[in-house]
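Numbering (our numbering), first residue to last: 937 to 1153.
Dropping the structure here:
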């Protein structure tokens, strides 16, 4: 834990010039660990709605994708490819009936995957990103009384937030006066026009270096 805290402190110090350049002030730090304590409440909501079940020692929910082109009905929805809004429902949330439970009891994952999307919320180790993101929405709406939540992510995260928004609406986490928006900016590419991977430091482009190059041009 000590090593992790050292890494976090170094990262925060490196981020300061970037935040200053973007004129970002009064930043309140709440990492994903902050919301974990609310994840159990989300699980209980799903239990009450009878949508969550145990599959191979994992707590899962079944979803069925809608036709996004037809379902995107939000006003001023100019770019359906790059913007997701919680006013639109991208997935149907499935409440398993007796016939589906037969496949669940048999752990017949191949059948379930054929007709549904299986989303895991908790495994034998921890809660998943989906559970924590839903817990974060719950916290922000309930305790911070927000009316809008904006996520800016790359293309890889678009489907994740389409699922999260759909479940949040189903559980009534997103109240009528609240809107969640997910803006997808595509991918960040390196000089070879390949996706940058954060694990590969040798090919990464650092934001502070981008500023220097931008200033030179």
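Every residue gets a Cβ at the ideal spot worked out from N, C-alpha and C, and that includes glycine.
Contact fails between the segment 1070–1085 and the segment 1037–1049, because fewer than three Cβ pairs, one in each stretch, are under 8 angstroms apart. Under the three-state reduction of DSSP output, residue 974 falls in the helix class. For the pair residue 1021 and residue 1117, the CB atoms are nearer than the 7 angstroms cut-off.
The shortest C-alpha to C-alpha distance from residue 1077 to any of 947, 1107, 1033 is the one to 1107.
Between the alpha carbons of residue 987 and residue 1081 lies a gap of roughly 27 angstroms. In the three-state reduction of the DSSP assignment, residue 958 falls in the coil class. If you look at residue 1133, you'll find it isn't in any alpha helix (DSSP H); DSSP assigns it neither H nor E. Within the model, the alpha-carbon separation for residue 1030 versus residue 961 is close to 42 angstroms.
A straight-line Cα-Cα distance of about 32 angstroms links residue 1121 and residue 981. Here DSSP, grouped into helix, strand and coil, assigns residue 980 to helix.
At least 7 angstroms separates the beta-carbon of residue 1039 from that of residue 1001. Residues of the same chain with a CB within less than 7 angstroms of the CB of residue 1064, apart from the 5 flanking positions on each side, are 1056, 1057, 1058 in chain order.
For residue 1149, same chain residues with a beta-carbon under 8 angstroms away, outside a window of 5 residues either side, do not exist. Between residue 1119 and residue 1088, the CB-CB gap stays under 7 angstroms. In the same chain as residue 954, and ignoring 5 residues on each side of it, the C-beta atoms closer than 7 angstroms to its own belong to 1143, 1144, in chain order. Just measuring C-alpha positions, the residue of 943, 1090, 977 sitting nearest residue 1019 is 1090.
In the DSSP assignment, residue 1028 is bridged to 1000. Taking C-beta atoms as the reference points, residue 975 and residue 1067 count as a pair closer than 7 angstroms.
Shown here, residue 1089 sits in a strand according to DSSP, grouped into three states. Taking residue 1052 as reference, the option from 1060, 996, 1105 with the minimal CA-CA separation is 996.
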